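Participant: Line order of the protein sequences matches chains A and B.
With our numbering applied, the first sequence closes on residue 114, and no number is skipped along the way.
With our numbering applied, the second sequence closes on residue 1113, and no number is skipped along the way.
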Amino acid sequence: RKEVEQDPGPFNVPEGATVAFNCTYSNSASQSFFWYRQDCRKEPKLLMSVYSSGNEDGRFTAQLNRASQYISLLIRDSKLSDSATYLCVVNPPYSGGGADGLTFGKGTHLIIQP
Amino acid sequence: NAGVTQTPKFRILKIGQSMTLQCAQDMNHNYMYWYRQDPGMGLKLIYYSVGAGITDKGEVPNGYNVSRSTTEDFPLRLELAAPSQTSVYFCASSYAVVGYGYTFGSGTRLTVV
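What follows is the structure in structure tokens.
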């Protein structure tokens, strides 16, 4: 089982619509969760952290379901500029001996259409 | 703050050549990482460092070497370049192992021919 799994898409969504995608993670003891955004031929950039109680940042809402081991990202009133690849990122338990840190999903490609 | 700075942005190498990818951060982060990203694939960890003088292998270390003589710098060395090393390389740093995201450099696009 892959550590972090995402639907690669692409998700083609009309401008102004709401879109949501999930990712699942395999290690139930994972400690931190993030969504990153990566534009074509650019570096990944932190979009938002994901907290157990769920959190919102403007049009973006992130949710964590520890029981089912998935996290979600909801984008409301989507803009053309939201077109990008969204990476689900998980921090497995710190083993103490290593610090190889975050595990990245392969990403979900989102295309907002005018 | 400049954040994480990578040089060069692009490079073409011939098979068997060597080169060093430079990475520097000005955020006083102890943790630094090198990833490669192939088309349609996720980020794969090459090497990481938890502080000056300490480095360790990641998932795909073969063909690469690193050093960490200062907190700021974490160069990646490619010896005897092979076509399989054609990729985009990202350097990243973080404040801590748990609870903090990474700041990435803008990447080095390397082609080995």
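Where a beta carbon is used, it is the ideal one built from N, C-alpha and C, also for glycine.
Remember, it's a predicted structure, so these values are computed and weren't measured experimentally.
With a threshold of 16 other CB atoms inside 10 Å of the CB of residue 1051 of chain B, please say whether the residue is buried or exposed.
Facilitator: Exposed, since its Cβ has fewer than 16 Cβ neighbours within 10 Å.
Participant: Go ahead and pull the three-state DSSP assignment for residue 1083 of chain B.
Facilitator: Note: residue 1083 of chain B maps to helix in three-state DSSP.
Participant: Measuring only the C-alpha atoms, how far is residue 1099 of chain B from residue 50 of chain A?
Facilitator: For residue 1099 of chain B and residue 50 of chain A, the distance between alpha carbons rounds to 10 Å.
Participant: Consider the Cβ of residue 72 of chain A: report whether some Cβ of chain B lies at a distance smaller than 8 Å.
Facilitator: No, because no Cβ of chain B sits closer than 8 Å to the Cβ of residue 72 of chain A.
Participant: Using a Cβ cut-off of 7 Å, pull out every chain B residue sitting near residue 104 of chain A, in sequence order please.
Facilitator: Residues of chain B passing the Cβ test: 1042 and 1043.
Participant: Does residue 112 of chain A pass the burial test, meaning 16 or more other C-beta atoms within 10 Å, or should it be called exposed?
Facilitator: Residue 112 of chain A should be labelled buried.
Participant: What does residue 1106 of chain B touch in chain A if you count any residue whose Cβ is under 8 Å from its own?
Facilitator: Here the neighbours are 42 and 43.
Participant: Suppose you measure from the CA of residue 96 of chain A to the CA of residue 79 of chain A; what does that come to, to the nearest Å?
Facilitator: Because the pLDDT of residue 96 of chain A is 47, which lies under 50, any placement of that residue in the model is unreliable, and the question is left without a value.
Participant: Since I believe residue 46 of chain A is in contact with residue 1101 of chain B (beta carbons under 8 Å), could you give me their beta-carbon distance rounded to a whole number of angstroms?
Facilitator: Sure, about 4 Å apart at Cβ, within 8 Å.
Participant: Quick test of the definition: if touching needs 3 or more C-beta pairs under 8 Å, does the stretch 1054-1070 of chain B touch the stretch 1006-1018 of chain B?
Facilitator: In short, these stretches do not touch, since the Cβ pair count stays below three.
Participant: Mind checking residue 1021 of chain B: buried by the 16 CB within 10 Å criterion, or exposed?
Facilitator: Burial call: buried.
Participant: For chain A, is any of its Cβ atoms less than 8 Å away from the one on residue 1095 of chain B?
Facilitator: It does not: the Cβ of residue 1095 of chain B has no partner Cβ on chain A nearer than 8 Å.
Participant: So which residues of chain A does residue 1090 of chain B contact, with C-beta pairs closer than 8 Å?
Facilitator: Simply 43 and 44.
Participant: What separation, rounded to the nearest whole angstrom, lies between the Cα atoms of residue 1077 of chain B and residue 1038 of chain B?
Facilitator: Rounded to whole angstroms, residue 1077 of chain B to residue 1038 of chain B spans 18 Å at the Cα level.
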